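Q: As they're listed, the protein sequences go chains A and B.
Heads up, the first sequence is in full-length UniProt numbering, so the first residue is 1 and it goes up one at a time.
Heads up, the second sequence is in full-length UniProt numbering, so the first residue is 1 and it goes up one at a time.
For each residue, glycine too, the CB sits at the ideal point set by N, CA and C.
It should be emphasised that the depicted structure is a prediction, and the values quoted were computed from it without experimental measurement.
Just dropping this structure here.
Number of protein chains: 2
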Amino acid sequence: MITKPTPVPAKKRTSIGSRRNPETETAVLAAARDLISERGYAGFSVDEVARRAGAGKTTIYRWYPTKADLFIAIYTTERSTFVPVPENGNLIDELEQYTTSLWHFWASHPAGAALRGLIAEAQGTPEALSALRDRFLPDRTADVRRMLSSAAARGELRADEVDAKVALWVGFSWYKLLVGELHDEDVIRSVMMQIAEVRRNS
Amino acid sequence: MITKPTPVPAKKRTSIGSRRNPETETAVLAAARDLISERGYAGFSVDEVARRAGAGKTTIYRWYPTKADLFIAIYTTERSTFVPVPENGNLIDELEQYTTSLWHFWASHPAGAALRGLIAEAQGTPEALSALRDRFLPDRTADVRRMLSSAAARGELRADEVDAKVALWVGFSWYKLLVGELHDEDVIRSVMMQIAEVRRNS
Chain A
1 MITKPTPVPA KKRTSIGSRR NPETETAVLA AARDLISERG YAGFSVDEVA
51 RRAGAGKTTI YRWYPTKADL FIAIYTTERS TFVPVPENGN LIDELEQYTT
101 SLWHFWASHP AGAALRGLIA EAQGTPEALS ALRDRFLPDR TADVRRMLSS
151 AAARGELRAD EVDAKVALWV GFSWYKLLVG ELHDEDVIRS VMMQIAEVRR
201 NS
Chain B
1 MITKPTPVPA KKRTSIGSRR NPETETAVLA AARDLISERG YAGFSVDEVA
51 RRAGAGKTTI YRWYPTKADL FIAIYTTERS TFVPVPENGN LIDELEQYTT
101 SLWHFWASHP AGAALRGLIA EAQGTPEALS ALRDRFLPDR TADVRRMLSS
151 AAARGELRAD EVDAKVALWV GFSWYKLLVG ELHDEDVIRS VMMQIAEVRR
201 NS
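Here's what the structure looks like:
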């Protein structure tokens with residue numbers, strides 16, 4: 001999601017035209033991450049990110065035109081480190097392990113607050129809605145889609161059920177995030193068993 | 001969700017202490033409903049509701065301490081009129097009809113925008129989160145819970161699966177609302193069949 005910064009010699013946190021100063025970018029993302037953790041969505045502003053990072057608002061807006069873009073950047077920079085994708089051939093176990101890791105990640109890293117902010121922001125502006133639906137979601141549901149498609153390839157479910165199951169999984173995980181119930185891990189296995197299940201009567 | 005206004009003789013839209021002036025209340029709710037429809041969550045403010053309703057901000061805040069309370073009031077006043085609860089003894093048909101009616105209601109009434117606003121607001125303040133989770137949700141999931149419990153009583157699913165199925169249903173419907181895909185009605189039946197399904201291997 002983040003354009004790889006082109007390394008250039010630079011000391012000060014100033015804009016260098018269309019290329020990004022990696023030092024400034026790091027400072028901006030760190031400030032954004034801290035701010036969403038400390039103050040949540042209601043207290044998040046680009047003004048305050050700029051102040052903390054010692055960066056210009058114009059620079060931040062050039063790199064991240066909307067708050068949604070900043071939230072996606074916060075989320076994406078941390079995500080791959082903390083949520084391993086299990087692959088053991090048992091769909092229910094895979095979904096349970098993956099969902100448990102993801103909820104831990106959301107609950108204990110700024111990414112969780114960033115995703116809550118992204119979803120909230122998407123209720124206010126069409127640009128944020130498009131960023132969430134068309135840019136963030138396809139990337140972020142790829143792992144679960146792969147687990148379900150592999151299970152379909154093994155004959156454990158029908159390929160034409162995968163889309164509905166991905167939607168059920170996203171909806172359930174978002175719902176628990178949005179109502180602040182990520183601690184409620186006991187329900188994960190039971191729900192993943194229902195998502196993994198094949199319909200009999202169709 | 002709304003305290004029944006005590007009828008009192010009143011002509012002007014002014015506060016009358018702890019009792020509500022029904023004329024003012026109607027004007028406030030109508031203004032809130034129009035504003036969320038026209039401007040969405042990002043353009044919604046109590047200031048503007050007060051201006052349009054010709055009411056005092058203090059009065060509005062006394063009746064609706066947070067934006068979340070206003071969103072719930074908008075939702076609740078219209079909801080019962082437009083979403084019939086089917087009862088025909090076929091769980092999949094019931095869930096499909098109910099979900100289709102609900103999505104129509106969300107897409108074509110201010111209630112949909114109000115719910116999006118309520119969920120967004122809940123990502124910003126603990127009061128709004130509690131209003132959503134502890135006050136709004138139990139009421140608004142009662143119909144689906146009843147359909148599922150009746151099916152359990154008929155022996156079509158296990159009673160201990162009802163909670164997980166309610167969570168799957170809420171999550172899926174919210175997800176489609178939050179990403180602006182309520183027009184995507186073709187998926188409803190397939191997803192409801194999966195939610196209605198009993199697990200075999202448990």
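1. Taking C-beta pairs closer than 8 Å, name the residues in chain B that A/Ala-167 reaches, listed in chain order.
2. For A/Ile-92 versus A/Met-193, is the C-beta distance shorter than 7 Å?
3. Around the Cβ of B/Ala-142, are there at least 16 other Cβ atoms within 10 angstroms (buried) or fewer (exposed)?
4. Could you tell me the alpha carbon to alpha carbon distance between A/Ser-101 and B/Asp-34, rounded to whole angstroms?
5. Of all Cβ atoms in chain A, is any one closer than 7 Å to the Cβ of B/Arg-116?
6. Determine the contact status of A/Gly-124 and A/Tyr-41, defining contact as a CB-CB distance below 7 Å.
7. Does the beta carbon of B/Thr-100 come closer than 7 Å to any beta carbon on chain A?
8. Please report whether the beta-carbon of B/Val-179 lies at a distance below 7 Å from any beta-carbon of chain A.
9. Which bits of chain A does B/Ile-60 rub up against, with CB to CB less than 7 Å?
10. Going by DSSP in three states, B/Lys-11 sits in which element: helix, strand or coil?
11. Report the residue from A/Asp-134, A/Gly-89 and A/Arg-79 whose alpha carbon sits nearest the alpha carbon of A/Ala-114.
12. Can a CB atom of chain B be found closer than 7 Å to the CB of A/Glu-48?
13. Since A/Ala-96 and A/Arg-154 should fall inside the 8 Å C-beta cutoff, what is the C-beta to C-beta distance between them, to a whole number of angstroms?
14. Rounded to whole angstroms, what's the CA-CA distance from A/Leu-148 to B/Leu-157? Just pull it up for me.
15. Please list, in chain order, all residues of the same chain as B/Ala-50 whose beta carbon is under 7 Å from its beta carbon, the five residues on each side excluded.
16. Please report the straight-line C-alpha distance between A/Val-83 and A/Ala-151, rounded to a whole angstrom.
17. Whose C-alpha, out of A/Val-144, A/Pro-22, A/Asn-88 and A/Phe-136, is nearest the C-alpha of A/Trp-63?
18. Classify A/Glu-197 as helix, strand or coil using the three-state DSSP reduction.
19. Interface residues of chain B around A/Ile-36 at Cβ under 9 Å?
20. Taking a Cβ distance cut-off of 8 Å, strictly less, list which residues of the segment 131 to 152 of chain B are near chain A, in chain order.
21. Helix, strand or coil: how does DSSP classify A/Gly-40 here?
22. Determine, using beta carbons only, whether A/Leu-129 comes closer than 7 Å to chain B.
23. For the segment 60 to 108 of chain B, list the alpha helix (DSSP H) runs that are entirely contained and at least 4 residues long, ordered along the chain.
24. Would you mind working out which of B/Arg-52, B/Val-28 and B/Arg-145 sits nearest B/Phe-71, comparing C-alpha positions?
A: Based on what the coordinates show:
1. In chain order: Phe-172, Tyr-175, Lys-176, Val-187 and Val-191.
2. Yes, Cβ-Cβ distance for A/Ile-92 and A/Met-193 is below 7 Å.
3. Residue environment for B/Ala-142: exposed (fewer than 16 other C-beta atoms within 10 angstroms of its C-beta).
4. Spanning the two alpha carbons is a distance of roughly 42 Å.
5. At least one CB atom of chain A sits nearer than 7 Å to the CB of B/Arg-116.
6. Cβ atoms of A/Gly-124 and A/Tyr-41: not closer than 7 Å.
7. In terms of beta-carbon proximity, B/Thr-100 stays away from the interface with chain A, with every pair separated by 7 Å or more.
8. Closer than 7 Å to some Cβ of chain A, the Cβ of B/Val-179 qualifies, so yes.
9. At a C-beta separation below 7 Å, B/Ile-60 has no neighbours in chain A, since its nearest C-beta there lies roughly 19 Å away.
10. Reliability fails at B/Lys-11, whose pLDDT of 44 lies under 50, so the model's placement of it is uncertain and no value is given.
11. It is A/Arg-79.
12. Cβ-Cβ to chain B under 7 Å: no for A/Glu-48.
13. Looking at the sequence provided, one finds Glu at residue 96 of chain A rather than Ala. Not really, about 17 Å apart at Cβ, beyond 8 Å.
14. For A/Leu-148 and B/Leu-157, the gap between their C-alpha atoms comes out near 24 Å.
15. Its chain contains Gly-56, Lys-57 and Ile-60 as the residues whose beta carbon lies nearer than 7 Å to that of B/Ala-50, once the 5 sequence neighbours on both sides are disregarded; these appear in chain order.
16. About 20 Å.
17. Put simply, of A/Val-144, A/Pro-22, A/Asn-88 and A/Phe-136 the residue whose alpha carbon is nearest the alpha carbon of A/Trp-63 is A/Pro-22.
18. DSSP places A/Glu-197 in coil when its eight states are reduced to three.
19. Near A/Ile-36 there are no residues of chain B at all, since even the closest Cβ is about 11 Å away, more than 9 Å.
20. Answer set for the segment 131 to 152 of chain B: Leu-132, Arg-133 and Leu-137.
21. Coil.
22. Yes, A/Leu-129 counts as interfacial toward chain B.
23. As for any alpha helix (DSSP H) of minimum length 4 sitting wholly inside the segment 60 to 108 of chain B, the runs are 67 to 82 and 91 to 108, ordered along the chain.
24. If we check each option's Cα against that of B/Phe-71, B/Val-28 comes out closest.
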